[in-house]
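A short worksheet on the structure shown next.
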Amino acid sequence: MAADLQVLIQKFQNLSEDDLKEEDTNVFLVSCQKCLEEEELTAVLEIIQDEKNQAFVRNTGWNLIGPITKCILTNEPGNDKEKTCLQMINGLVQLCNPKEILLGVLEQIDEATGDPICRIILLFLQPLQSVLLKLGNKKAYSVGLSLSTLHSRISCLPVPYTVEQIKEDKYSLCRCCLALLPFVQPFVDLISQTPDITKAPDIQEIRKELLTFCFSCLKFPLLTAQLKLAEDDVDEMPFCVFAEGIMSFLVSLGESLPKVLLQHIHKAESLENGDHVPEKETYTADAVACLSYLLFVHHIGMDAFPFVFGPSFVLTSNMEHIDVLLKRTEESLLSKGLDLLEHSLLRVDNESLHEELLDIKAFGQVIQDLVKVVTLCPIEHLRKKGLSMLQLVIDKLCVEGKYRLFRCLLKTSNHSGVEGYVIHNIKNQIDFALKTDTPNKWFLGTRLTPLLHMVLSLQEGAETDLLQNSDRIMASLNLLRYLVIKDDEFSNETGVWTELHKIELQFLKPLHTGLNMSRAHYEAEIKSTNEKKKGPHSKTVCSVTAGGTKLPDMTPEMQLQVLQSAIFTFDLMESVLARVEELIEVKLKSAPEEKIGSSKYV
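Residues 17 to 618 (our numbering) are what the sequence shown spells out, left to right.
This is the structure we're talking about:
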């Protein structure tokens with residue numbers, strides 16, 4: 017076939033481009049394709065490189081990109097045949113019309129699927145860059161089309177997350193990301209080296225395309241990518257290198273990082289005010305959240321960030337971005353949101369955040385997000401991190417802010433564990449107020465009274481599901497026990513002794529009744545289950561509901577263990593309740609009734 021091709025090309029050598037006919041082109045392409053299929057690659061390469069064939073190759077050569085690409089994919093990466101094919105591509109780049117070559121190359125990249133995606137990208141980046149640089153000043157559209165095509169292809173690949181996956185780089189996403197940096201660099205340099213881009217509309221258009229690409233990369237893969245590794249592995253972390261490159265591009269393109277971070281706040285304000293906001297954005301919420309994460313957690317690009325913003329302002333600004341991350345369910349995004357919140361909070365002094373911050377919508381949303389992470393996230397280490405972040409928020413708020421937050425969480429969390437945690441924090445604040453001489457008495461006296469009534473009550477009275485609310489009830493009992501022990505009945509700094517009669521009606525009496533009802537119910541269930549064990553269906557699977565939750569189907573033996581665990585919980589509550597009542601009775605016997613109000617204990 018190679019000999020036939022040589023005879024054919026000699027026929028066309030003396031023809032000008034105007035003399036070439038469509039059938040001549042088709043015969044040439046078919047012949048070249050057969051040579052490539054039969055792996056007679058040298059013959060095709062010699063035709064492309066022969067100066068006598070330049071006119072003919074210039075006119076038809078770009079049609080060879082597809083067959084050459086197909087030939088590449090049929091050979092092993094890195095072998096001599098692949099190198100020969102790349103020489104053909106580079107020869108065509110030098111000879112053919114740049115726009116035609118551009119379309120041919122982008123077509124091959126756009127059609128790549130599965131495993132060949134990264135191989136095609138890595139092979140064609142250098143030729144594609146050469147073509148774009150040959151286009152002159154009118155190349156903004158071509159640069160944008162190339163970058164969007166490349167990004168759309170790598171977006172089809174899974175992002176490696178674990179250290180092992182990153183090192184293996186099975187789908188070569190890491191290699192592609194690192195290769196994109198030198199590919200983009202000349203176009204960024206073109207912008208940064210232009211003295212005044214306002215006088216160069218074409219340069220401005222290229223800048224827009226580059227910014228779009230950079231923010232697309234922040235959204236994928238950097239939003240999902242793992243950037244935290246052991247210290248020994250930092251230099252081997254490709255996504256860190258890629259993140260540094262993208263942030264460097266943004267700075268070189270003259271992008272104002274503070275303006276980008278704050279623009280979503282202005283957008284939210286505009287929406288609330290009914291102002292029009294363009295639908296199409298370069299700066300998507302996910303991308304800007306990732307930008308904030310890179311800046312404040314990994315300090316990538318921080319050299320270009322002015323240190324004129326106070327810690328409280330940075331925290332408030334980041335709440336919008338933290339909310340974006342915490343509303344997602346992916347482990348990598350939740351982890352980034354928690355890390356960004358932590359680093360933003362650690363810059364702030366304890367008890368320095370004003371209570372008015374709680375009126376900011378994004379701040380309240382982040383609190384709700386944390387509660388959802390703590391209560392609903394299936395990943396244990398994220399639940400623990402979420403709880404520690406909730407505590408950090410509490411620590412950073414001023415006393416009035418803590419008070420408002422506690423009331424809010426008790427009203428809205430609808431989770432016994434969270435409410436129990438809040439009540440424990442209330443106890444700590446009361447303890448601090450009793451031990452220190454502070455003029456701010458939010459956790460003492462009349463200001464504390466509404467909070468005490470929220471805590472020391474059963475929402476549904478005696479019919480409250482004690483198992484489902486066991487964390488809250490135990491925390492409330494422990495708080496009441498603490499108050500009775502620590503607050504002298506004569507000084508009555510917390511007001512607990514004045515409110516004792518209401519506490520008795522709203523909490524202690526209903527709890528007594530509820531415990532008796534619950535115990536009787538579960539003891540009856542235990543008796544019924546024991547009878548099933550003795551019967552012929554002792555291994556039969558049955559369903560059971562405990563604490564308001566339907567449990568997985570289980571045998572009578574398993575059901576019995578659950579029921580006995582419930583009885584143990586009631587015993588524990590009853591024990592603490594008895595101790596609280598004993599302490600109250602002892603203290604009230606030593607105090608005059610008119611001093612502390614009417615109660616059954618006097």
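Idealized CB from N, CA, C, for every residue including glycine.
Keep in mind that this is a model prediction, so the values were computed, not measured.
Beta-carbon separation (whole angstroms), residue 522 vs residue 472, contact threshold 8 Å: In the sequence shown, residue 522 corresponds to position 506, counting from 1. In the sequence shown, residue 472 corresponds to position 456, counting from 1. About 7 Å separates the CB atoms of residue 522 and residue 472; that is less than 8 Å, so the two are in contact.
Buried versus exposed, by CB contacts within 10 Å (16 or more), residue 15: Because the chain spans 17 through 618 in this model, residue 15 falls outside it and cannot be assessed.
Sequence-distant residues of its chain with Cβ nearer than 6 Å to residue 295 (five each side left out): By one-based count along the sequence shown, residue 295 stands at place 279. Per-residue confidence for residue 295 stands at a pLDDT of 37, beneath the threshold of 50, marking its modelled position as unreliable; no derived number is given.
Three CB pairs or more closer than 8 Å across the segment 168–183 and the segment 123–139: The segment 168–183, when compared against the segment 123–139, does touch it at the 8 Å Cβ threshold.
Own chain residues within Cβ distance below 6 Å of residue 239, not counting five before or after: Taking the sequence shown and counting its residues from 1, one reaches residue 239 at position 223. The residues are 302 and 306.
Contact belief for residue 362 with residue 338 at Cβ below 8 Å, rounded distance in angstroms: Locating residue 362 in the sequence shown gives position 346, counting from the first residue. Locating residue 338 in the sequence shown gives position 322, counting from the first residue. Taking C-beta atoms under 8 Å as the contact rule, residue 362 and residue 338 fail to qualify, at a distance of about 14 Å.
Three-way DSSP call (helix, strand, coil) for residue 253 in this model: Here residue 253 refers to the residue found at position 237 when the sequence shown is read from its first residue. If DSSP states are grouped into helix, strand and coil, residue 253 belongs with coil.
Continuous beta strand (DSSP E) assignments of at least 3 residues falling wholly in the segment 416–459: The qualifying runs do not exist here; there are none.
Distance CB(residue 496)-CB(residue 512) smaller than 9 Å: Here residue 496 refers to the residue found at position 480 of the sequence shown. Here residue 512 refers to the residue found at position 496 of the sequence shown. For residue 496 and residue 512, yes; Cβs fall inside 9 Å.
Classification of residue 429 by the beta-carbon crowding that lies within 10 angstroms, buried from 16 upward: In the sequence shown, residue 429 corresponds to position 413, counting from 1. Flag for residue 429 reads buried.
Alpha-carbon to alpha-carbon, residue 39 and residue 136: The residue you call residue 136 lines up with position 120 of the sequence shown. The residue you call residue 39 lines up with position 23 of the sequence shown. Whole-angstrom Cα-Cα distance: 30 Å.
Residues sharing a beta bridge with residue 413, DSSP: Numbered from its first residue, the sequence shown carries residue 413 at position 397. In the DSSP output, where bridge partners are listed per residue, residue 413 has 369.
Among 455, 418 and 110, nearest to residue 438 - alpha-carbon criterion: Translated into positions along the sequence shown, residue 438 becomes position 422. Put simply, of 455, 418 and 110 the residue whose alpha carbon is nearest the alpha carbon of residue 438 is 418.
Identity of the residue in 398, 260 and 355 nearest residue 347 by Cα: On the sequence shown, residue 347 is found 331 positions in, with the first residue counted as 1. Per the Cα distances, 398.
Given residue 414 as reference, the closest of 383, 123 and 364 once Cα atoms are compared: Start at 1 with the first residue of the sequence shown, and residue 414 comes out as number 398. Of the candidates 383, 123 and 364, the one whose C-alpha sits nearest the C-alpha of residue 414 is 364.
Closest by C-alpha distance to residue 123, when choosing among 107, 580 and 79: Position 107 of the sequence shown, counted from the first residue, corresponds to residue 123. If we check each option's Cα against that of residue 123, 79 comes out closest.
Residue 420 vs residue 470 beta-carbon contact at 9 Å: By 1-based counting over the sequence shown, the position of residue 420 is 404. By 1-based counting over the sequence shown, the position of residue 470 is 454. No, they are not a contact pair.
Sub-9 Å separation of residue 593 and residue 527 beta-carbons: Sequence index remark: in the sequence shown, residue 593 carries index 577 (1-based). Sequence index remark: in the sequence shown, residue 527 carries index 511 (1-based). It is a contact, given that the beta carbons lie within the stated cut-off.
Backbone secondary structure at residue 157 - three-state DSSP: In the sequence shown, the residue the question calls residue 157 occupies position 141. Here residue 157 carries a helix assignment [DSSP, helix/strand/coil].
Nearest-angstrom Cα separation, counted from residue 576 out to residue 486: Position 470 of the sequence shown, counting from 1, holds the residue named residue 486. Position 560 of the sequence shown, counting from 1, holds the residue named residue 576. Cα to Cα, the separation comes out at about 20 Å.
Residue ranges of each alpha helix (DSSP H) within the segment 37–64, 4 or longer: With a minimum length of 4 residues, the unbroken runs of alpha helix (DSSP H) contained wholly in the segment 37–64 fall at 38–53.
Rounded straight-line distance, which links the Cα of residue 192 to that of residue 410: By 1-based counting over the sequence shown, the position of residue 410 is 394. By 1-based counting over the sequence shown, the position of residue 192 is 176. Rounded to the nearest angstrom, the two C-alpha atoms are 43 Å apart.
Collapsed DSSP secondary structure at residue 481 in the structure displayed: As a first step, residue 481 is located in the sequence shown; it is residue number 465 there, counting from the start. Note: residue 481 maps to coil in three-state DSSP.
Given residue 64 as reference, the closest of 110, 217 and 97 once Cα atoms are compared: Locating residue 64 in the sequence shown gives position 48, counting from the first residue. Measuring from the Cα of residue 64, the nearest candidate turns out to be 110.
Simplified DSSP state of residue 599, which is helix, strand or coil: Along the sequence shown, one-based indexing puts residue 599 at 583. DSSP places residue 599 in helix when its eight states are reduced to three.
Sequence-distant residues of the same chain with beta carbon closer than 7 Å to residue 218, five excluded per side: Counting from 1 along the sequence shown, the entry for residue 218 is found at position 202. Only 153, 154 and 156 meet the Cβ criterion.
Residue 126 vs residue 165 beta-carbon contact at 9 Å: Taking the sequence shown and counting its residues from 1, one reaches residue 126 at position 110. Taking the sequence shown and counting its residues from 1, one reaches residue 165 at position 149. Their beta carbons are under 9 Å apart, which means residue 126 touches residue 165 by this criterion.
Endpoints, alpha helix (DSSP H) assigned at residue 488: Taking the sequence shown and counting its residues from 1, the one referred to as residue 488 is at position 472. From DSSP, the alpha helix (DSSP H) with residue 488 extends over 486–502.
CA-to-CA distance, residue 381 to residue 402, given in whole angstroms: Reading the sequence shown from its first residue, position 386 is the one you call residue 402. Reading the sequence shown from its first residue, position 365 is the one you call residue 381. A straight-line Cα-Cα distance of about 14 Å links residue 402 and residue 381.
Cβ pair count under 8 Å reaching 3, the segment 479–494 against the segment 581–592: Output reads yes: the segment 581–592 touches the segment 479–494.
Environment of residue 340 [buried if 16+ CB atoms lie within 10 Å]: Your numbering for residue 340 matches position 324 in the sequence shown. Buried, by the Cβ-count rule.
Neighbour-count burial assignment, residue 598, 16 or more Cβ in a 10 Å radius: Locating residue 598 in the sequence shown gives position 582, counting from the first residue. The residue is exposed, with fewer than 16 neighbouring Cβ atoms inside 10 Å.
Identity of the residue in 317, 596 and 407 nearest residue 367 by Cα: Looking up residue 367 in the sequence shown gives position 351. Relative to residue 367, the option among 317, 596 and 407 whose CA is nearest is 407.
Alpha helix (DSSP H) segment containing residue 385, residue limits: Here the question's residue 385 lines up with position 369 in the sequence shown. Segment 377–392, the alpha helix (DSSP H) holding residue 385.
Contact belief for residue 309 with residue 352 at Cβ below 8 Å, rounded distance in angstroms: Looking up residue 309 in the sequence shown gives position 293. Looking up residue 352 in the sequence shown gives position 336. Cβ atoms of residue 309 and residue 352 come within 8 Å of each other, at about 5 Å.
Sequence-distant residues of the same chain with beta carbon closer than 7 Å to residue 52, five excluded per side: Counting from 1 along the sequence shown, the entry for residue 52 is found at position 36. Shown here for residue 52: same chain residues with a beta carbon closer than 7 Å to its own, the five before and five after excluded, namely 60, 83, 84 and 87 in chain order.
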